[in-house]
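Accompanying notes for the structure given below.
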Amino acid sequence: MSISMTAFSSLIVPFSIPVLLPIVMPDTVLNMPLKTAVLQLMAVTILPVVLAMLIRHYFSSKIMQRFYAIAERSSLWALCLMVAITVIANGNKMTELFSIAALAVLVLCLLAMLLGILTAKIIHGDKQLSKTFAIEVGIQNAGTAIFVAVVLLQKPELALTPLLYGVLMNIPAALLVLMSKNSHVNQRQAN
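Quick note on the numbering used here: the sequence shown kicks off at 11 and runs consecutively.
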């Protein structure tokens, strides 16, 4: 579901940007061929998903179950490592992390995660669906925003805010994953 939501939200970008850009940035002229934009976004969203689905289909379920077990145990550490690498790689931008923009980015991320949780509750989803929606809505689209700024709009300066979001979104995501892991551990100990 998470991958499907990411693919869908990425593929509506070429159609939503021409509508929203004049509202947000009236002085910006959009020179984005629709066909090229759709093909580029498909290359970075649909192609990896199809490849992963093919790998899952052609490998035995035992191999995939072992992979899932390893991935589940290592996901929190991988997320922490990703945060550390992102912070180190963007050290010169770290002063911006303490600005009003950082606060706005964190509030946006938390509100988006809350919207994901509320949406899952409205459709009577379980805790797993709530977590999936929270992560998907809250953190997955920074990469798409950077791609749009740099590749589609050809304005790398517009990538600074999504870059800041990309760094800071990992904090609430790591906390959500950690809380979820602790909840599972406590639940197992209670049983």
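Just so it is clear, CB atoms sit at the ideal spot from N, CA and C, and this is done for glycine as well.
Assigned exposure category for T55 - 16 Cβ within 10 Å defines buried: What you label residue 55 is simply residue 45 of the sequence shown in a count that begins at 1. By the 10 Å Cβ count, T55 comes out buried.
Where K141 falls, given that 16 or more other Cβ within 10 Å makes a residue buried: The sequence position of residue 141 within the sequence shown is 131, counting from 1. When all chains shown are included, K141 counts as buried.
Spatially closest choice to L168 from Y175, G176 and A159, by CA coordinates: Working through the sequence shown from its first residue, we reach residue 168 at position 158. With respect to the C-alpha of L168, the residue from Y175, G176 and A159 having the closest C-alpha is A159.
CA nearest to the CA of M189, picked from Q138, L128, L178 and P32: Position 179 of the sequence shown, counted from the first residue, corresponds to residue 189. That would be Q138, whose Cα lies nearest to the Cα of M189.
Rounded distance between the beta-carbons of P172 and A155, thought under 8 Å: Working through the sequence shown from its first residue, we reach residue 155 at position 145. Working through the sequence shown from its first residue, we reach residue 172 at position 162. The pair is a contact, with the Cβ atoms about 4 Å apart (cut-off 8 Å).
Expected contact under 8 Å - CB spacing of G176 and G148 to nearest Å: Position 166 of the sequence shown, counted from the first residue, corresponds to residue 176. Position 138 of the sequence shown, counted from the first residue, corresponds to residue 148. Contact annotation, G176 with G148: C-beta distance approximately 12 Å; criterion of less than 8 Å not satisfied.
Cβ-based burial, I110 [other Cβ within 10 Å; buried from 16]: Position 100 of the sequence shown holds residue 110. Under this definition I110 is an exposed residue.
Short Cβ contact (7 Å threshold) for M42 with L162: Position 32 of the sequence shown holds residue 42. Position 152 of the sequence shown holds residue 162. The answer is yes: Cβ separation under 7 Å.
Among Q164, K191, A152 and W87, nearest to S19 - alpha-carbon criterion: For the purposes of this step, residue 19 is taken as the residue at position 9 of the sequence shown. Here the closest residue by C-alpha is A152.
C-alpha gap between V117 and A79, whole angstroms: For the purposes of this step, residue 117 is taken as the residue at position 107 of the sequence shown. For the purposes of this step, residue 79 is taken as the residue at position 69 of the sequence shown. V117 and A79: Cα-Cα distance of roughly 33 Å.
Where the alpha helix (DSSP H) containing K137 begins and where it ends: In the sequence shown, residue 137 corresponds to position 127, counting from 1. Where K137 is concerned, the enclosing alpha helix (DSSP H) stretches over K137 to I149.
Start-to-end residues for the alpha helix (DSSP H) that takes in M63: For this step, residue 63 is matched to residue 53 along the sequence shown. M63: member of the alpha helix (DSSP H) spanning I56 to Y68, first to last residue.
Nearest to L51 (by Cα), restricted to the options V60, I22, V29 and I65: Here residue 51 refers to the residue found at position 41 when the sequence shown is read from its first residue. Nearest of V60, I22, V29 and I65 to L51, Cα basis: I22.
Distance, L64 Cα to K72 Cα: For the purposes of this step, residue 72 is taken as the residue at position 62 of the sequence shown. For the purposes of this step, residue 64 is taken as the residue at position 54 of the sequence shown. One C-alpha to the other measures close to 16 Å.
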